[in-house]
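Here the structure is laid out as structure tokens; the discussion comes afterwards.
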Amino acid sequence: MAGPREPTLTERMLDFALRHPSADVPADLLAWTALRVTDTVGVALAGAARGLGATAAARLTLAEPAPGAASIWASGGRRSRTDDACFANGMLAHGMDYDDTHTASMIHPSVVIVPTALAVGEETGASGRDVLAAATIGYELSARLGTLAPGKPLQQRGFHPTSVLGIIPATAVAARLLGLSLSDAVSATGLAGSMASGLMEFFSDGTDAKQMHPGWAAKGAVTAAKLASHGATGPATVLEGPSGLLKSFADVEAKQDVLTTLGDEWTGTNVSTKPYPAGHCTHATVDAWRTLRDRLALSPENVAEIRRFTALVPSAYLHLVCEPLADKHTPRTVYDARFSLPFALALTVVDGALTVDGFRPERLTDPAVLDIARRVDYEVTEYAEYPAAFPGGIRIEMDDGTRHEEHLRHNVGSPGNPMSPDDIAAKFRDCTRAMTGADRLLDALRALPAAPSLAGFTAAMSAVDALAPRSPR
170 MAGPREPTLT ERMLDFALRH PSADVPADLL AWTALRVTDT VGVALAGAAR
220 GLGATAAARL TLAEPAPGAA SIWASGGRRS RTDDACFANG MLAHGMDYDD
270 THTASMIHPS VVIVPTALAV GEETGASGRD VLAAATIGYE LSARLGTLAP
320 GKPLQQRGFH PTSVLGIIPA TAVAARLLGL SLSDAVSATG LAGSMASGLM
370 EFFSDGTDAK QMHPGWAAKG AVTAAKLASH GATGPATVLE GPSGLLKSFA
420 DVEAKQDVLT TLGDEWTGTN VSTKPYPAGH CTHATVDAWR TLRDRLALSP
470 ENVAEIRRFT ALVPSAYLHL VCEPLADKHT PRTVYDARFS LPFALALTVV
520 DGALTVDGFR PERLTDPAVL DIARRVDYEV TEYAEYPAAF PGGIRIEMDD
570 GTRHEEHLRH NVGSPGNPMS PDDIAAKFRD CTRAMTGADR LLDALRALPA
620 APSLAGFTAA MSAVDALAPR SPR
């Protein structure tokens with residue numbers, strides 16, 4: 170007679186997700202997660218106010234409302250069903266590509282986890298600590314899963330890691346806050362695996378599909394959890410099975426040892442916060458240029474004498490921000506421009522900094538920006554710091570043949586070069602400047618660790634009415 174089988178990866182992950190006490194999540198981790206929440210809400214509001222394509226899910230939800238307890242961010246207090254709110258808020262949060270990234274996996278964890286945790290927390294009346302604990306566990310599972318299926322293999326097969334993998338930890342977050350049993354939570358994850366999706370084809374024309382991915386993953390996570398709570402079942406081998414998520418999307422084998430230290434060692438904090446609203450792989454070169462500019466005291470006249478800007482970039486992310494180079498010199502849409510290292514660098518050279526308002530449709534045809542962008546090429550430069558960080562550098566060549574070079578091995582916002590709580594608060598204020606109620610909302614977000622419920626957050630968010638009409642691409 171066969172003995173009991175070994176638990177699957179899903180069963181082990183969900184057992185931890187459901188049973189790890191909130192009181193046992195270290196206070197410093199809860200504080201870290203609270204900063205992630207603040208950052209995510211801030212960048213979502215910035216995107217909402219600029220009428221980006223990412224506002225479509227929010228507008229759809231408001232046009233076809235369904236009664237519910239979860240806030241639609243930036244809508245002046247409108248609420249909807251939890252899954253619809255997750256879709257709207259997750260899409261908003263990814264609209265400017267200003268959200269954080271887990272470097273090794275290339276997952277944007279917060280734009281799936283935070284909308285899920287806050288929306289389900291509003292529905293269930295969970296305390297701030299319980300919401301943050303659930304989200305912290307979500308980050309941990311996201312990091313472990315991303316170790317099994319790193320971003321590059323997924324991207325090379327045409328899949329977006331954020332949504333393909335992100336739905337799994339988000340389902341754990343929803344299951345925990347909804348109070349599911351272990352068997353129902355495992356089924357929810359099995360169901361979520363069949364909802365995993367997200368194609369990289371958006372790079373072909375710079376359209377809005379990528380912005381939809383995290384919202385869809387968050388919506389799917391809540392839907393899967395609620396389906397399971399009503400009796401639907403899903404496969405416990407959804408991750409490691411021969412037709413499971415890991416094999417089907419990434420063609421990798423599941424390794425049980427990725428969970429060996431789960432609960433004893435927290436790895437989910439290896440996340441980079443963004444100081445700039447552009448693809449993370451552009452940031453180090455942008456900051457290397459700023460350092461070089463200041464070190465050499467380069468004036469606008471000196472910039473005119475630069476014959477060539479050479480971005481020094483690891484091979485792992487050339488395909489994201491440097492290739493095809495001719496297309497990156499002249500991006501077609503604002504979202505396309507966020508993934509063009511030549512264009513991001515050119516904006517920084519011309520404007521002096523890379524700002525929230527730098528990426529506007531009219532800048533795509535700005536002669537001064539395009540002149541610099543066309544002078545940018547790249548050179549493959551491998552750094553030992555990758556993938557723990559997104560390193561990069563720059564070399565400039567003057568008209569007289571003189572060359573100068575600068576490197577940044579730990580991008581600003583990475584674990585090796587972190588943004589402080591004050592930096593993140595300043596970013597939030599920049600994202601929400603001139604918004605009525607933004608200061609009150611920041612106070613409510615800061616109070617989450619000790620809040621008995623999310624009522625303070627909900628009330629503060631209801632005062633923020635910043636959802637703008639659709640802007641040009």
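Numbering (the numbering used here), first residue to last: 170 to 642.
Just so you know, even glycine gets a beta-carbon here, dropped at the ideal spot from N, CA and C.
For S455, which residues from the same chain have a beta carbon less than 7 angstroms from its beta carbon, with the 5 sequence-adjacent residues on both sides left out? Position 286 of the sequence shown, counting from 1, holds the residue named residue 455. Position check: residue 455 holds Val in this sequence, whereas Ser was assumed. Closer than 7 angstroms at Cβ, skipping near neighbours: Y445, A513, L514, T517 and L523.
With respect to 6 angstroms, is the separation between the Cβ of D353 and the closest non-hydrogen atom of the ligand HEM below this value? This structure lacks the ligand HEM; in fact it carries no ligand of any kind.
Which residues in the same chain have their Cβ closer than 7 angstroms to the Cβ of C600, if we skip the five residues on either side of it in sequence? Taking the sequence shown and counting its residues from 1, the one referred to as residue 600 is at position 431. Once the five neighbours on either side are set aside, the close Cβ partners of C600 are G211, V212, L214, A215 and V525.
Taking only the alpha-carbon atoms, compute the straight-line gap between R639 and A223 and give it to the nearest angstrom. Start at 1 with the first residue of the sequence shown, and residue 639 comes out as number 470. Start at 1 with the first residue of the sequence shown, and residue 223 comes out as number 54. If you take the alpha carbons of R639 and A223, they lie about 9 angstroms apart.
Quick one: measure Cβ to Cβ for R250 and A235, integer angstroms, because I've assumed they're closer than 8 angstroms. The residue labelled residue 250 in the question sits at position 81 within the sequence shown. The residue labelled residue 235 in the question sits at position 66 within the sequence shown. Sure, about 5 angstroms apart at Cβ, within 8 angstroms.
Whether T207 touches L614 by CB criterion (7 angstroms): Along the sequence shown, read from residue 1 onward, the residue named residue 207 stands at position 38. Along the sequence shown, read from residue 1 onward, the residue named residue 614 stands at position 445. Result yes, Cβ atoms of T207 and L614 sit closer than 7 angstroms.
Which value, in whole angstroms, describes the spacing of the CA atoms of D608 and P173? The residue given as residue 608 occupies position 439 in the sequence shown. The residue given as residue 173 occupies position 4 in the sequence shown. When rounded, the distance between both Cα atoms is 55 angstroms.
Measuring CB to CB, does T550 end up less than 7 angstroms from L481? Looking up residue 550 in the sequence shown gives position 381. Looking up residue 481 in the sequence shown gives position 312. The Cβ-Cβ distance between T550 and L481 falls below 7 angstroms.
I need the DSSP call for H573, collapsed to helix, strand or coil. In the sequence shown, counting from the first residue as 1, residue 573 sits at position 404. H573: strand per DSSP, three-state reduction.
CA nearest to the CA of A354, picked from E180, A553 and I241: As a first step, residue 354 must be located in the sequence shown, where it is residue number 185. The shortest C-alpha separation from A354 is found at E180.
Determine the extent of the beta strand (DSSP E) in which A254 is found, giving its start and end residues. On the sequence shown, position 85 is the one that residue 254 refers to. Taken as a continuous stretch (DSSP letters only), A254 belongs to no beta strand (DSSP E), being part of the alpha helix (DSSP H) at T251 to A262.
Sequence-distant residues of its chain with Cβ nearer than 7 angstroms to P500 (five each side left out): Along the sequence shown, one-based indexing puts residue 500 at 331. Closer than 7 angstroms at Cβ, skipping near neighbours: G375, A506, S509, F512 and L533.
How would you call K379, buried or exposed, if buried means at least 16 neighbouring beta carbons within 10 angstroms? Stepping through the sequence shown from its first residue, residue 379 is reached at position 210. Burial state of K379 is buried, judged by a 10 Å Cβ sphere holding 16 or more other Cβ atoms.
Nearest-angstrom Cα distance between A243 and D634? Residue 243 sits at position 74 when you count from the first residue of the sequence shown. Residue 634 sits at position 465 when you count from the first residue of the sequence shown. Going by the C-alpha atoms only, they are around 5 angstroms apart.
So what does N586 bridge to, in DSSP terms? For the purposes of this step, residue 586 is taken as the residue at position 417 of the sequence shown. In the DSSP output, where bridge partners are listed per residue, N586 has S583.
What does the Cβ neighbour count give for A453, buried or exposed, with the cut at 16 atoms within 10 Å? Along the sequence shown, read from residue 1 onward, the residue named residue 453 stands at position 284. Around the beta-carbon of A453, 16 or more other beta-carbon atoms lie within 10 Å, marking it buried.
Cβ separation of M260 and G384, assumed to be a contact under 8 angstroms, to the nearest whole Å: Mapped onto the sequence shown, residue 260 falls at position 91. Mapped onto the sequence shown, residue 384 falls at position 215. The pair is a contact, with the Cβ atoms about 4 angstroms apart (cut-off 8 angstroms).
Can you list the alpha helix (DSSP H) stretches of 4 or more residues lying completely in the segment 364-430, in chain order? 378-398
Just to confirm before moving on: does the CB-CB distance between V283 and T209 stay below 7 angstroms? Taking the first residue of the sequence shown as 1, we reach residue 283 at position 114. Taking the first residue of the sequence shown as 1, we reach residue 209 at position 40. Yes, these two residues count as a Cβ contact at 7 angstroms.
Assess, as a yes-or-no matter, whether the segment 352-370 is touched by the segment 254-270 under the definition of 3 or more beta carbon pairs within less than 8 angstroms. Contact fails between the segment 254-270 and the segment 352-370, because fewer than three Cβ pairs, one in each stretch, are under 8 angstroms apart.
In the DSSP assignment, what are the bridge partners of I565? In the sequence shown, counting from the first residue as 1, residue 565 sits at position 396. Answer is F478 and H573.
Taking all protein chains shown into account, decide if A553 is buried (16 or more other Cβ within 10 angstroms of its Cβ) or exposed. Locating residue 553 in the sequence shown gives position 384, where the first residue counts as 1. Exposed: under 16 other Cβ atoms inside 10 Å.
Who are S631's beta bridge partners in DSSP? If you number the sequence shown from 1, residue 631 lands on position 462. Per DSSP, none; premise fails for S631.
Inter-residue spacing [alpha-carbon to alpha-carbon] between M170 and M381: Taking the first residue of the sequence shown as position 1, residue 170 is located at position 1. Taking the first residue of the sequence shown as position 1, residue 381 is located at position 212. The predicted model places M170 with a pLDDT of 44, which falls under 50 and marks its position as unreliable; any figure quoted below should be read in that light. The straight-line gap from Cα to Cα measures roughly 49 angstroms.
May I ask which residues mark the beginning and end of the beta strand (DSSP E) holding R546? Indexing the sequence shown from 1 puts residue 546 at position 377. The amino acid at residue 546 is misidentified as Arg; the sequence shows Asp. Unbroken beta strand (DSSP E) run through D546: V545 to V549.
Report the residue from S589, F418, A288 and D426 whose alpha carbon sits nearest the alpha carbon of V391. By 1-based counting over the sequence shown, the position of residue 391 is 222. When each option's Cα is compared against that of V391, the closest is A288.
I'd like to check one pair, W435 with E309: are the Cβ atoms closer than 7 angstroms? The count along the sequence shown starts at 1 and reaches residue 309 at position 140. The count along the sequence shown starts at 1 and reaches residue 435 at position 266. For E309 and W435, yes; Cβs fall inside 7 angstroms.
Where DSSP assigns a beta bridge to T270, which residues make up the other side? Counting from one through the sequence shown, the residue named residue 270 turns up at place 101. In DSSP, T270 forms a bridge with S441.
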